[in-house]
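*Asks:* Protein sequence lines, in the order shown, are assigned to chains Y and S. With my numbering, letter number 128 in the first sequence gets 128, and the count goes up by one each step, no holes. With my numbering, letter number 26 in the second sequence gets 302, and the count goes up by one each step, no holes. Even glycine gets a Cβ: it sits at the ideal position worked out from N, Cα and C. Computed from a prediction, not measured in an experiment: that's the story for all the values here. Quick one: structure below, then a few questions.
Protein chains: 2
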Amino acid sequence: MKMFNKVVIIGTGLIGGSLGLALKKQHLAAQVIGFSRQQKNARLAKKAGAIDQIGLSLDVVADADLVVLATPIDTIIDFALKIEKKIKQGCIVIDVGSTKERIVSKVGVFIPNFLGCHPLAGSEKKGILNLQENIFKGSICIITPTAKTKKNVLNKVKLLWKKLGARVIILSAKKHDQVLAFTSHLPHAVAFSLISSVPGQYLNLGSTGLKDTTRISSSDANLWSEIFLSNRSNLLNVLSVFNSKLAALKLALASKNKGQLVKILVSAKQKREKLK
Amino acid sequence: MKMFNKVVIIGTGLIGGSLGLALKKQHLAAQVIGFSRQQKNARLAKKAGAIDQIGLSLDVVADADLVVLATPIDTIIDFALKIEKKIKQGCIVIDVGSTKERIVSKVGVFIPNFLGCHPLAGSEKKGILNLQENIFKGSICIITPTAKTKKNVLNKVKLLWKKLGARVIILSAKKHDQVLAFTSHLPHAVAFSLISSVPGQYLNLGSTGLKDTTRISSSDANLWSEIFLSNRSNLLNVLSVFNSKLAALKLALASKNKGQLVKILVSAKQKREKLK
């Protein structure tokens, strides 16, 4: 028996589509249905083998065992509201949004079997055309249960991500958003600002250092504006931390304090070496 | 006939060693001698085939056609002073330091055949153990002649880098340092500050975005302190530009101005896409 009989993925972009493909390849679902507001995306997902069938309306969730909300984060709560009355009892609903506190605190109220998930497996290349079957292999998936989360729901969702090759980490939604502000949203904000600083006529002299530090500034502007806004207060705090670190480096430089500069750089290097 | 009869490389680290290896593999020099203050490095370079012979004193430059100063930037001027009286007439001297204005303005005065070079081919992994024969292939080498640079010296050095596979770009030393402050020194300063901002206990949740943006913060602390200090005033200016870009993003975020945020991110993304 498959882990799920019928899975409905709402939003067949990079993560939704890759999840569908992985579910099918790993034989974890008897049937995968994809729903997208953009029919073109759903058709591409079907063509790529990421879904078995295109759902023409949200009524398709009626007999699903698992519904995955994989739309842009500003629409996840809306979609959850739209499917709330349509899903059967016992249906598990997960999302894969990049921030969790707002979504979990809202959706958890009206969908009891909802569990927030965040697979750290995105890319600056979004969309179904960048579909990757193995996108979750070796990645981390953060799951954000609440005090109300049922044990069987948590265990099943944990098992699902493990079977897809992800290492599962459990955090509260609040903690998730605090951590991700540092590990993901800050690097993005910095990368966007970094490339913005470089005069256009110098771009032909960019070496690998500039390329690597700014790769993620190719990420989708609308998606990342939503992520930033949905984690606004944590990100503002984290940006202040970053500003103070940069100010310390700037001060050491301005005052020609080589000893202090070396100290800052040595401690940065040591930290970077802990980042596996 | 080889391009050079005898080449002496002073400083057999990553760039010096890789240059020696490339010169030998491309048959550009009849003999490559390596001199290092650390005998161990010179021995490793010889073992790796990067040099034919170890120079035991700087007297070895006496009959060289080309001397390459490939030591850390804070020692380049000292070594130039030490070899000034030892080299034969017509000997070409180049350096491969990461900043140029100070070196070129000083060394150019007492060594007429000196030409500043900066191959954009470093790595966060320094040292002879990371030797790479093809390190210059497809890379950019910036050459910084002055009004006094002889045409034949410029042409010969240009040809050398071309034969090593680099695309040669000519800039004044002053312009070089202004440009590199944006394209190299700023990304490094930002990467060091970025990793310093992330609490140690969150490092296990770093995804590829954090890894890529901070890769160059593994660079050598002493080397980069010297680079920063040798381009201090340009870098301080550039850090102010970066701060203003980050402040604009922060303001849009703080004021929940999604339109402005998207605008900032779209323009960053467009710029990044011009970075080949």
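Lys245/Y and Glu133/Y - do their beta-carbons sit closer together than 7 Å?
*Replies:* The residue given as residue 133/Y occupies position 133 in the first sequence. The residue given as residue 245/Y occupies position 245 in the first sequence. Going by C-beta atoms, Glu133/Y is not nearer than 7 Å to Lys245/Y.
*Asks:* Considering Cα atoms alone, identify which of Val109/Y, Cys117/Y and Asp78/Y is closest to His176/Y.
*Replies:* Counting from one through the first sequence, the residue named residue 176/Y turns up at place 176. Taking only the C-alpha atoms, the option nearest His176/Y is Cys117/Y.
*Asks:* Kindly indicate which three-state DSSP category Leu304/S falls into: helix, strand or coil?
*Replies:* Residue mapping note: residue 304/S aligns to position 28 of the second sequence, counting from 1. Three-state DSSP puts Leu304/S in coil, outside helix and strand.
*Asks:* In the DSSP output, which residue or residues are listed as bridge partners for Lys6/Y?
*Replies:* By 1-based counting over the first sequence, the position of residue 6/Y is 6. BP columns for Lys6/Y point to Gln31/Y.
*Asks:* Under DSSP, the beta strand (DSSP E) around Gly11/Y begins and ends at which residues?
*Replies:* The sequence position of residue 11/Y within the first sequence is 11, counting from 1. Segment: none, Gly11/Y is in no beta strand (DSSP E) and carries neither H nor E.
*Asks:* Have a look at Asp63/Y, Ser193/Y and Lys162/Y and flag the residue whose alpha-carbon is nearest the alpha-carbon of Thr489/S.
*Replies:* Within the second sequence, numbered from 1, the residue matching residue 489/S stands at position 213. Residue Ser193/Y is the option with its Cα nearest to Thr489/S.
*Asks:* Since Thr420/S sits in a beta bridge, which residues does DSSP pair it with?
*Replies:* Here residue 420/S corresponds to residue number 144 of the second sequence, with the count starting at 1. Gly392/S, per the DSSP bridge assignment.
*Asks:* Under 7 Å, Cβ to Cβ, is there at least one residue of chain Y near Arg565/S?
*Replies:* Outside the shown range of chain S (277 to 552) lies residue 565/S, about which nothing can therefore be said.
*Asks:* Using only alpha-carbon positions, find the residue among Leu462/S, Ile446/S, Leu499/S and Leu456/S that is nearest to Leu290/S.
*Replies:* To locate residue 290/S, count along the second sequence from 1; it is residue 14. Closest option to Leu290/S, Cα to Cα, is Leu499/S.
*Asks:* What separation, rounded to the nearest whole angstrom, lies between the Cα atoms of Thr12/Y and Thr422/S?
*Replies:* As a first step, residue 12/Y must be located in the first sequence, where it is residue number 12. As a first step, residue 422/S must be located in the second sequence, where it is residue number 146. C-alpha separation (whole angstroms): 58 Å.
*Asks:* In the DSSP output, which residue or residues are listed as bridge partners for Asp371/S?
*Replies:* By 1-based counting over the second sequence, the position of residue 371/S is 95. Paired residues: Leu345/S and Gly392/S.
*Asks:* Which two residues bound the contiguous alpha helix (DSSP H) that contains Ile540/S?
*Replies:* Along the second sequence, one-based indexing puts residue 540/S at 264. It spans Lys534 to Lys550 - the alpha helix (DSSP H) in which Ile540/S sits, taken as one unbroken run.
*Asks:* Compare the Cα-Cα distances from Lys364/S to each of Val337/S, Met279/S, Ile379/S and Thr351/S and report the closest residue.
*Replies:* Here residue 364/S is taken as the residue at index 88 of the second sequence, counted from 1. When each option's Cα is compared against that of Lys364/S, the closest is Val337/S.
*Asks:* What in chain Y is Cβ-close to Lys438/S, meaning under 9 Å?
*Replies:* Position 162 of the second sequence, counting from 1, holds the residue named residue 438/S. Within chain Y, no residue comes near Lys438/S; the closest Cβ sits about 17 Å away, beyond 9 Å.
*Asks:* Looking at Ala305/S: is its Cβ nearer than 7 Å to the Cβ of Val283/S?
*Replies:* As a position in the second sequence, residue 305/S is number 29, starting the count at 1. As a position in the second sequence, residue 283/S is number 7, starting the count at 1. Yes, these two residues count as a Cβ contact at 7 Å.
*Asks:* Could you confirm whether any beta carbon from chain Y is found closer than 7 Å to the beta carbon of Asp488/S?
*Replies:* Here residue 488/S is taken as the residue at index 212 of the second sequence, counted from 1. Yes, because at least one Cβ of chain Y sits closer than 7 Å to the Cβ of Asp488/S.
*Asks:* Give the range of the alpha helix (DSSP H) segment to which Ser380/S is assigned.
*Replies:* By 1-based counting over the second sequence, the position of residue 380/S is 104. The amino acid occupying residue 380/S in the given sequence is Val; Ser does not appear at that position. Here the alpha helix (DSSP H) through Val380/S covers Glu377 to Phe386.
*Asks:* Taking 7 Å as the cut-off, decide whether the C-beta atoms of Leu66/Y and Ile92/Y are in contact.
*Replies:* Within the first sequence, numbered from 1, the residue matching residue 66/Y stands at position 66. Within the first sequence, numbered from 1, the residue matching residue 92/Y stands at position 92. It is a contact, given that the beta carbons lie within the stated cut-off.
*Asks:* Does any C-beta atom of chain Y lie closer than 7 Å to the C-beta of Asn431/S?
*Replies:* Within the second sequence, numbered from 1, the residue matching residue 431/S stands at position 155. Not one chain Y Cβ lies under 7 Å of Asn431/S.
*Asks:* Hey, how far is the Cα of Lys85/Y from the Cα of Ser473/S?
*Replies:* Walking along the first sequence from the start, residue 85/Y turns up at place 85. Walking along the second sequence from the start, residue 473/S turns up at place 197. C-alpha separation (whole angstroms): 44 Å.
*Asks:* Are there 16 or more other CB atoms within 10 angstroms of the CB of Pro395/S, so buried, or fewer, so exposed?
*Replies:* By 1-based counting over the second sequence, the position of residue 395/S is 119. Buried, since its Cβ has 16 or more Cβ neighbours within 10 Å.
*Asks:* Determine the chain Y residues that contact Val455/S at a beta-carbon separation under 8 Å, and present them in chain order.
*Replies:* What you label residue 455/S is simply residue 179 of the second sequence in a count that begins at 1. Result: Tyr202 and Leu205.
*Asks:* Taking 7 Å as the CB-CB limit, is Ala191/Y close to chain S?
*Replies:* The residue given as residue 191/Y occupies position 191 in the first sequence. Taking Cβ atoms only, chain S reaches closer than 7 Å to Ala191/Y, which makes this a yes.
*Asks:* Is there a Cβ from chain Y that is less than 7 Å from the Cβ of Arg491/S?
*Replies:* Residue 491/S sits at position 215 when you count from the first residue of the second sequence. Yes, Arg491/S lies at the interface with chain Y (some Cβ there is under 7 Å from its Cβ).
*Asks:* My parser needs the beta strand (DSSP E) runs of 3 or more residues fully inside the region 128-195 of chain Y; what are they?
*Replies:* The region 128-195 of chain Y contains these whole beta strand (DSSP E) runs: 140-144 and 167-170.
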